[in-house]
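Worksheet: the structure to be examined is printed underneath.
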Amino acid sequence: MVHKAVLAKELIENLNLKPGMTVVDGTLGAGGHSIEMLKKILPGGKLISIDWDEGAIQNFQQRLKKEGYDIRNRAFPAPVASNANDENASPLAFMPLFSGDKIVGYWCGVSENYANLDKIFEELDLNAADAILIDLGFSSDQIEDKRRGFSFLLDGPLDMRYSPETQKVTAADVVNKYSEKDLADIFWKYGEEKYARRIAREIARVRISAGRREKIGEVGKLVEIIFRSVPKNYKMGKIHPATRVFQALRIEVNQELENLKIFLEKAVNGLANGGRLAVISFHSLEDRIVKNFFRKEARDCVCPPKFPKCVCNHRRILKIITKKPIQPSEKEIRENSRARSAKMRVVEKM
C-alpha cells in the first residue's frame, strides 16, 4: 500500500510557508509532508527531515531524485547522522539540492528521535526554524513489515521498536518481563483497554505455564492470548480486540508520550517569532497532551483559579491558530481510511 500523507493540503494552508524559509519535518515517514513543505520553501529554503527509522531517511533520498532534485554531496559531509548523541555518527550538514545545474535549496536528513530536536539544531548551528511539524502516525512501511511487529494482522516477532539499531527494549521484553500489575496498568493507561486486567492475567498465566524454555515472542501468540481473555461480543466489535493492547505496547516501547512532551517544549524554543508548529495526532492520549500544552502556553497566568492573584509569572508565548482541531474530510477518509482519527493543531510563536 502506498502511504499517503494525512491532512497534507490543510497542513500547507496553515503553516504559512514562503520561499527561503527553514522548516522541520520531525517525523519523515514516507516523506509526503516533507515534499509538500519543500515545494513551498523553494527557492532558497532549507528542509530538515527527521525520523528515528534510518530506512526512512535513505528512502527519502531516492524520492527526492524522483521529484527532480539531485543531491550532490561529494564536497559535503554525509547527509545522514545515525544518532545526534553518537560521537561516531556522521556530522550533520545541509546538502545542496540541485534542479539541473542550479542550487534551488538545501536538505538535511537525520536519523534521530525528534525529542532530541535541540541537539540537532545545535549540530547544524541553527538558531530557529520558521515551521515545525510532527505527524504522530506511523508509516505503511512499518505496519506492513511483519519483521517489525507493529501489526496484529501479520505474524512475526514482537518488536515494535522504531529504531532497532538504537533501542534495546522490545515489545516481547515488555510482555515477558513486566509484572502482571504493570502490564495491566500499561494496557489501561496507554491503550484505554477496558479488559486490561483480564489480558494481563492471562499473559501472566501463560508465562508461568510456559516455563523458562518458551516465551511470548510472536505477534500471533499474543493475539491468541488477547482473544482468549475478552468476551465474545468484544471480539465482534468494530475495533479488533488487539488494537488497544498493541497501541499500549508501542507507546511503552518507544516512550511516545514522554518524547512528545519533551519535543513540544523544544519545538517552541526552536521556533522563530512568527513561526508555526503543527502536530497531527491519532488518538486521544496524544491529542490531550498537545491541546493542554498549547492552551497553557497561549495564556499568561496558569495559577489555580483559587489564587487571589497571579504568582506564577507565566507569560504567553503562543497564539492558537486552530481553535478546534482540523480533521480529514470525508473524501480523504474514503481515499485513506488510516486518516479517519487524525487531528491537527497549529500554533504560532509570538
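Mapping of the sequence shown onto this note's numbering: position 161 corresponds to residue 189, and the numbering continues sequentially without gaps.
Glycine included, every Cβ here is placed at the ideal spot set by N, Cα and C.
Note on residue 287: 16 or more other CB atoms within 10 angstroms of its CB, so buried under the neighbour-count rule. Within the same chain, and ignoring the five residues on either side of residue 228 in sequence, the residues whose Cβ sits closer than 7 Å to its Cβ are 208, 211, 212, 215.
Per the coordinates, the alpha-carbon of residue 140 lies some 21 Å from the alpha-carbon of residue 175. Around the beta carbon of residue 302, fewer than 16 other beta carbons lie within 10 angstroms, which makes this residue exposed. Around residue 122, the same chain offers 74, 134, 136 as residues with beta carbons nearer than 6 Å, after the five sequence neighbours per side are excluded. Here the region 270-287 does not lie against the region 328-339, with fewer than 3 beta-carbon pairs under 8 Å apart. CA-CA distance, residue 145 to residue 36, rounds to 22 Å.
Boundaries of the alpha helix (DSSP H) harbouring residue 42: 36-43, taken from the DSSP string. Three or more Cβ pairs closer than 8 Å define a contact, and the region 51-61 meets that threshold against the region 159-166. When DSSP states are grouped into helix, strand and coil, residue 207 belongs to the coil group. Of the residues 178, 292, 95, the one whose Cα lies closest to the Cα of residue 190 is 178. For residue 157, the secondary structure class from DSSP, reduced to helix, strand or coil, is strand. DSSP places residue 310 in the coil class of the three-state scheme, outside both helix and strand. For residue 251, the enclosing alpha helix (DSSP H) covers residues 247-257. When beta bridges are read from the DSSP output, residue 50 appears opposite 74.
Secondary-structure assignment with DSSP links residue 134 through a beta bridge to 74, 124. DSSP, read as helix, strand or coil, puts residue 368 in coil. Taking a 10 Å sphere around the C-beta of residue 79, we find 16 or more other C-beta atoms and assign the residue as buried.
The Cβ neighbour count for residue 181, taken over all protein chains shown within 10 Å, is under 16; the residue is labelled exposed.
Of the candidates 255, 355, 89, 91, 355 places its Cα closest to the Cα of residue 311. Sorting 64, 256, 82 by C-alpha distance to the C-alpha of residue 92 places 64 at the top. Around the CB of residue 69, 16 or more other CB atoms lie within 10 Å, so the residue is classed as buried. Between residue 350 and residue 318, the gap from beta carbon to beta carbon reaches 8 Å or more. Contact check for residue 45 and residue 61: beta-carbon distance about 12 Å, past the 8 Å limit, so the pair fails to qualify. Residue 130 counts as exposed, since fewer than 16 other beta carbons sit within 10 angstroms of its beta carbon. Close CB contacts of residue 327 within its chain, under the 6 Å cut and outside five residues either way in sequence, are with 344 (chain order). Taking 8 Å as the cut-off, the beta carbon of residue 246 is found no closer than this to the beta carbon of residue 298.
About 21 Å separates the beta carbon of residue 282 from that of residue 243, a gap too long to meet the 8 Å contact definition. When DSSP reads this structure, residue 79 sits in a beta bridge with 139. Check the Cα spacing between residue 51 and each of 138, 157, 41: the tightest is with 157. Its Cα nearest to that of residue 94, the residue 125 stands out among 291, 335, 83, 125.
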